[in-house]
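Worksheet: one structure, shown below.
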Amino acid sequence: MSEAANLREYVTAEIGGELIGMPILRVQDVFIPEGPTRVPLAPPEIAGVLNLRGRIVTLVDMRRRLGLSGGSDKSSLAIGVELRGESYGLLIDAIGEVLKLDEDAREPNPVNLDPRLARVSTGIHRLNDRLLLVLDVDRVLDIGSASMAA
Amino acid sequence: MDDLLREFVTETNESLDVVDVELVRFEREPANATIINNVFRLVHTIKGTCGFLGLPRLEALAHAAEALMGRFRDGVPATTDAVTLILASIDRIKQILESLENEQREPAGADDDLISGLTHMAASLDPKKQQAAPPQQSVGTLVEQVLERPLLPGEDSLDDLERAFRATPVEAPQRRVKSPLADAAKDDAERNGNQSIRVSVDTLEKLMTMVSELVLTRNQLLEIGRRHEESEFKTPLQRLSNVTAELQEGVMKTRMQPIGNAWQKLPRIVRDLSQELGKHIDLEMQGAETELDRQVLDLIKDPLTHMLRNSADHGLETPQERRAAGKPERGRIRLCAWHEGGFIVIQIADDGRGLNTERIKAKALAQGLVTEAELDKLTEQQIHKFIFAPGFSTAAEVTSISGRGVGMDVVRTNIDQIGGTIDVRSVPGVGVSFTVKIPLTLAIVSALIVEAAGDRYAIPQLAVIELVRAHGGSEHRIERIKDTAVLRLRDKLLPVARLSRLLGIAPAASENVEQGFIVVTQVGAQTFGIVVDAVFHTEEIVVKPMSSKLRHIALFCGNTILGDGSVIMIIDPNGIAQALGTTAAAQLQLQAAAAADAEASASAEQATSLLLFRAGSTQPKAVPLSLVTRLEEVDARKIELSNGRHMIQYRGQLMPLVRMDTNVNVRSEGAQPLLVFSDGTRSMALVVDEIVDIVEDRLDIEVAGGVDGLLGSAIVKGQATEIVDIGHFLPIAFEDWFRRKEQAAAPRRRAVLLVDDSPFFRNMLAPVLQAAGFDVTTAGSGAEALAHVDGGGAADIVITDIEMPEMDGFALTQALRKHPRGAELPVIGLSSIVSPEAIARGREVGFHDYVAKFDRQGLIAALKEQSEFGRAA
Chain A
1 MSEAANLREY
11 VTAEIGGELI
21 GMPILRVQDV
31 FIPEGPTRVP
41 LAPPEIAGVL
51 NLRGRIVTLV
61 DMRRRLGLSG
71 GSDKSSLAIG
81 VELRGESYGL
91 LIDAIGEVLK
101 LDEDAREPNP
111 VNLDPRLARV
121 STGIHRLNDR
131 LLLVLDVDRV
141 LDIGSASMAA
Chain B
1001 MDDLLREFVT
1011 ETNESLDVVD
1021 VELVRFEREP
1031 ANATIINNVF
1041 RLVHTIKGTC
1051 GFLGLPRLEA
1061 LAHAAEALMG
1071 RFRDGVPATT
1081 DAVTLILASI
1091 DRIKQILESL
1101 ENEQREPAGA
1111 DDDLISGLTH
1121 MAASLDPKKQ
1131 QAAPPQQSVG
1141 TLVEQVLERP
1151 LLPGEDSLDD
1161 LERAFRATPV
1171 EAPQRRVKSP
1181 LADAAKDDAE
1191 RNGNQSIRVS
1201 VDTLEKLMTM
1211 VSELVLTRNQ
1221 LLEIGRRHEE
1231 SEFKTPLQRL
1241 SNVTAELQEG
1251 VMKTRMQPIG
1261 NAWQKLPRIV
1271 RDLSQELGKH
1281 IDLEMQGAET
1291 ELDRQVLDLI
1301 KDPLTHMLRN
1311 SADHGLETPQ
1321 ERRAAGKPER
1331 GRIRLCAWHE
1341 GGFIVIQIAD
1351 DGRGLNTERI
1361 KAKALAQGLV
1371 TEAELDKLTE
1381 QQIHKFIFAP
1391 GFSTAAEVTS
1401 ISGRGVGMDV
1411 VRTNIDQIGG
1421 TIDVRSVPGV
1431 GVSFTVKIPL
1441 TLAIVSALIV
1451 EAAGDRYAIP
1461 QLAVIELVRA
1471 HGGSEHRIER
1481 IKDTAVLRLR
1491 DKLLPVARLS
1501 RLLGIAPAAS
1511 ENVEQGFIVV
1521 TQVGAQTFGI
1531 VVDAVFHTEE
1541 IVVKPMSSKL
1551 RHIALFCGNT
1561 ILGDGSVIMI
1571 IDPNGIAQAL
1581 GTTAAAQLQL
1591 QAAAAADAEA
1601 SASAEQATSL
1611 LLFRAGSTQP
1621 KAVPLSLVTR
1631 LEEVDARKIE
1641 LSNGRHMIQY
1651 RGQLMPLVRM
1661 DTNVNVRSEG
1671 AQPLLVFSDG
1681 TRSMALVVDE
1691 IVDIVEDRLD
1701 IEVAGGVDGL
1711 LGSAIVKGQA
1721 TEIVDIGHFL
1731 PIAFEDWFRR
1741 KEQAAAPRRR
1751 AVLLVDDSPF
1761 FRNMLAPVLQ
1771 AAGFDVTTAG
1781 SGAEALAHVD
1791 GGGAADIVIT
1801 DIEMPEMDGF
1811 ALTQALRKHP
1821 RGAELPVIGL
1831 SSIVSPEAIA
1841 RGREVGFHDY
1851 VAKFDRQGLI
1861 AALKEQSEFG
1871 RAA
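Line order of the protein sequences matches chains A and B. In terms of the working numbering, the first sequence opens at residue 1 and continues consecutively. In terms of the working numbering, the second sequence opens at residue 1001 and continues consecutively.
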C-alpha cells in the first residue's frame, strides 16, 4: 500500500517539550495566530477562533489536547490544517524542519504511552538524539465528538 | 433532450402557476379580455411545446382545455363549473409534469374523463348556440384536407378548426378598448422578459459568499486606511468601497424575489376552499412586489398558506351567519406586505368572527398551560397568544368544534426559525389579523455589537426590543432575589441575566448588574434582559456558521468577522432564553405572579419540567429536567468497554455510562441517547432507549417506590410514569461521588435542615445537597422542623419551602426567630413565587436568601455563601 520509496515527509514541531511530526500533505501553512477570540463554553482544547485571510480558523491548544504541560510561555505559532472544509490552527511552541523518514522504521506506540498521546499518535520514529511522535491529524481534531453528535 | 425537457418542465410549471391565478381572476372579471387572452396564450404555448417534444398525453389535455378557453375568449361567460374543470385539467397537467420530471417520460394512463368533460363543456358553450345571430363573415371556399391518422381524444378535425377559424370574428370587440399605448407597454414587457436568463441558485449562493468576503476585506482595508494618514490610498480605497457596496447590493438583488411568488398559489387555494366550504371569499393582496431573500421566501411559503387556510376555514363565517351578523355576504381576507427597516412585515387579516377567547381559555386550562387563577389575570391578547403554544391543539379536535388555531404552533416554530416574530390581534365579530415580521435576508443581518467581560459579541437586532440603562433611583429598577435579578420595566417583571455569567466567564467581582446596559430581548412570547458591560453600535454582519467543534454551544448561532478583522460570536437569543429557563409557561406564571397578590399565587401549584424517556421497559420514566445537565446522542461506536464498565470520551474526559437496570442495552451501533448529569467537573451518563418528551406537569408521587433507583410512580400527562432517583445512580458511576465532595468541603460538614411538605422535593434535593457536602436532615412540615430545632437537632442552615399547609415558610421563619436556638439561623426561602411582595415579605420575616425552587445551582451557591457566613461569624 505504501509508496515505492516508502519515504514520508513530516513537518515537525515542538509542543510542550515533545517533538511531534505531521504528514506534510496535511499541513496547509504555518502562521502566527494574531488576535484570537476566546470562545466561552467551548471544550477546553479549543483555544479560540481567529480570522485568517477571511476564513474563520479554530485554534486547538495542542498542549492541552496532548495532555502536555512542559514549557510555560505562550504558543506563538500555529500549523494550519483542514478537515471537512473547515480550517484549524494547531498551536505549537516552535516549528522544526521537514524530515523525510522511512515508513518502515516507524515503530508502534509503546504500550505504556500516556493514553492522551496514544489516541492521537500513529507511532514513533527514533531520531538520532530524540523521539518523534507521529500525529494523526484527523484524530487530533476529533475533539468533543460526543457532544458534537447532539 | 434532457436539458430541453427540464427547461420545458420548469417553464411550464411557471406558466401553469400564472394560469391558476389568472383563471381565478377571470372568473371574477369575465369582461376582462386581457386576462383570458393571456391564459389562452400560455396554454397554447404549452400545447405547442408538448407536440414538439412528443408528449401526446399532455398535448391532448392542453388542447382540450384550450378549446374550452377559446369559448371564453369568444365571449361566452365563464361558469364556475367550467373554470373548475379547467383548473382540474391544470392540476392533472401538473401531476403529469411531476412524473415527467422524475422519470423523464409521460406516465401511463389516460385523461379521457377530463378531456370528454372539457370537449363536452366546450360544445355546450358554443357561441353559435348562445348568440342569436353570430356574424358569419366566411368568404372563400373550404379546401378538402385529410388527416392521415385517427383523431386523438380531444383533437378537433381540421374541418372543425377551419370552421372555427372562419367563425371567429376578425377582432374581438373587447380588444378595441385597449389603447395602443398599453399594447406597446405589454410588448415591451414581453421583450424584457425574454432578456432574462436562468441561473442556478447554487451559483448565486456562491457569488453571495464571495461578495461577503469582499465586503469583509473592504471593511478591513477601510479600517487600516483610517489608521494611516497618508492619502495615497484614500481615493482608490474609496472607489473600491463604493464599487463593493454596489456589488453587494446587486448580488443581494439577484437573491431577492417578490413576495408575490409565495402568494401565487393562494388565490387558487382560496377559490377551492370557498367552493368546498360554501363560503364566498374575496382575497385581496397588497404589496406583492415587496422583495425578500429567496431563502426566506421559501421558508415562509408554507406557514403563509397554513394561516390563509385557517382564516378561510375557521375565521370566516358562512354567508348565512354573516348575513345574520349584518355583514356583507362575501368574506374578505387581506394579505399585505411591506418593508419596515430591515424587515418585511406580512399581515393576514380576515373580517370573520374573531378568535373565540372562551374556547382558548378552556383549551389552555385543559392542557394545563395555565391555571384558572392565572387566567383571570391575563388580558385578552395574552390569552389569544396561547394559540401559538406548542401542541396547543390538533387539527382533528379543533375542526370538529370549529375552533381556531390549527397548528399555529407549527407556524410559529417555522417563523421563529428564521428569526421572525408573529403576533395576533382579534376583535370579536370584526376579525383576526396575524402580523408576521421576518428579516429580509439570513445571510447578512443587522446586529448590535456589545461587550461582556472584555470581549465583543453580536446580538441580532431583530430580537432586540430596547436598551435600558438601569440606575438605582430610576423607574427601571432592578429587583434582586439573591442570585436572580429581575428588571422592573414599566409594569412588567423581566428576568435579567448578565451575559458574561451565562457564558461562564464572569469574574466574581463584576457581578453588579446595576453597572451595565440591559438589552431587552424578545424570543417568541418570552421577553428577558441581557446585561452587558457596554453597547457599541449596530453593524451589518455576515453570518458564518460556527466550527463543527463549537456548534453544540447553544448560546451562539454563528460567528462573524468585524471590520477590524477580529472574529466575534453571534449570540443566539433562543439559546439565552433556554439558558434562562424561562419557558413560555414560566413567563406567564411570572407575569401572573407579579400581578397577583401573595395569597392568590400561593395557592397556585407549581408545575415541574419533567424529561420523559424510556429505558428497559415500555413504561415511561421521568426525571426532573432541572437535574439533567445535557441530553446527548452519541455514536454508539464511540462507547468503550473498560473493566466491564461502559465509558465514553466526553469533552476530554472519560465519562462512565450507567444503565438503569440490566434490561437496558447499550447499543453497539447507531445513535445512543444519553442523559448526562454533571456535578462540578464530573459527569456521568444514564443510558436510555429513547428520549420521549419534555413536559410541564404537576408532580404528585402516588406510589412510593420499593425499587432501588425509583422514587415512585406518578401520573404524568395521563400516564403512569416512574420517577427516577438520580441520587441512586451517581455513586454507581463514581463510588466516591459523595465522598469526594466531603473531602472538598469544610472539615466540619454543615448541617442543613430541609423543610418541604412535598416528599418528592425532599427526596430530590437531599441527595443533591449531600453531594454538595452538607449533612441533610429533612422535615415534612414547619412543626416538625421546629421540633427538630427544639430537640437540639443539628442545624446550621434552614432551607424552607414557602408554600406549605398549616405553617408556611414565612410563619416558620418568624417562629424560628423567636426560638433561642433559631434566632441566628440563616434561613433560605425556596419558592416558585417571584413577586416583589413575596420578596419583601421574606426580607421582613428574616430570610437570608430567596431562591427559585428549581434553581439547583443557585441554591447550592446560596448555601455555600450562607455557610461561609456562618463560619466567619
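Even glycine gets a Cβ: it sits at the ideal position worked out from N, Cα and C.
Test: residue i CB closer than 8 Å to a CB of chain A
{"i": "B/D1455", "result": "yes"}
{"i": "B/E1213", "result": "yes"}
{"i": "B/V1519", "result": "no"}
{"i": "B/R1651", "result": "yes"}
{"i": "B/V1039", "result": "no"}
{"i": "B/T1413", "result": "no"}
{"i": "B/V1567", "result": "yes"}
{"i": "B/I1561", "result": "yes"}
{"i": "B/G1516", "result": "no"}
{"i": "B/K1544", "result": "yes"}
{"i": "B/S1217", "result": "Residue identity differs from the one stated: residue 1217 of chain B is Thr in this sequence, not Ser. With 8 Å as the cut-off, B/T1217 counts as an interface residue toward chain A."}
Residue i at chain B interface by Cβ criterion, 8 Å
{"i": "A/A42", "result": "yes"}
{"i": "A/G16", "result": "no"}
{"i": "A/N6", "result": "no"}
{"i": "A/R38", "result": "yes"}
{"i": "A/V120", "result": "no"}
{"i": "A/V140", "result": "no"}
{"i": "A/V137", "result": "no"}
{"i": "A/N112", "result": "no"}
{"i": "A/T12", "result": "no"}
Among the options, nearest to residue i - alpha-carbon criterion
{"i": "B/V1039", "options": "B/T1049, B/Q1095 and B/R1073", "result": "B/R1073"}
{"i": "B/I1571", "options": "B/T1521, B/G1858 and B/N1310", "result": "B/T1521"}
{"i": "B/R1198", "options": "B/V1436, B/D1409, B/A1794 and B/E1007", "result": "B/E1007"}
{"i": "B/S1446", "options": "B/V1768, B/E1632, B/H1537 and B/I1115", "result": "B/H1537"}
{"i": "B/R1025", "options": "B/L1335, B/P1267 and B/V1009", "result": "B/P1267"}
{"i": "B/A1279", "options": "B/R1227, B/G1260 and B/I1333", "result": "As written in the sequence, residue 1279 of chain B is Lys, which differs from the Ala given in the question. Taking only the C-alpha atoms, the option nearest B/K1279 is B/I1333."}
{"i": "B/D1020", "options": "B/A1033, B/V1043, B/P1077 and B/D1003", "result": "B/V1043"}
Close-in-space but distant-in-sequence residues of the same chain around residue i (CB under 7 Å, 5 per side omitted)
{"i": "B/R1239", "result": "none"}
{"i": "A/G123", "result": "R106, E107, P108, N109 and V134"}
{"i": "A/E97", "result": "T12"}
{"i": "A/R55", "result": "S87"}
{"i": "B/I1086", "result": "L1023, A1065, L1068 and M1069"}
Residues of its chain near residue i, where Cβ-Cβ distance is below 6 Å and the 5 sequence neighbours each way are ignored
{"i": "B/E1291", "result": "M1256 and P1258"}
{"i": "B/R1041", "result": "none"}
{"i": "B/E1289", "result": "P1258"}
{"i": "B/A1772", "result": "I1860"}
{"i": "B/D1689", "result": "R1614 and A1615"}
{"i": "B/E1633", "result": "A1671 and P1673"}
{"i": "A/K100", "result": "L7 and E9"}
Counterpart residues of residue i in DSSP-defined beta bridges
{"i": "B/V1687", "result": "B/R1659 and B/L1674"}
{"i": "B/K1437", "result": "B/V1345 and B/T1421"}
{"i": "B/L1753", "result": "B/T1777 and B/V1798"}
{"i": "A/L59", "result": "A/G48 and A/G89"}
{"i": "B/F1528", "result": "B/T1521"}
{"i": "B/M1647", "result": "B/E1640 and B/P1656"}
Rounded straight-line distance, which links the Cα of residue j to that of residue i
{"i": "B/F1729", "j": "B/V1664", "result": "14 Å"}
{"i": "B/L1247", "j": "B/L1005", "result": "34 Å"}
{"i": "B/Q1095", "j": "B/K1206", "result": "33 Å"}
{"i": "B/S1713", "j": "B/S1758", "result": "14 Å"}
{"i": "B/Q1320", "j": "B/I1415", "result": "35 Å"}
{"i": "B/I1438", "j": "B/I1418", "result": "7 Å"}
{"i": "B/N1261", "j": "B/N1559", "result": "31 Å"}
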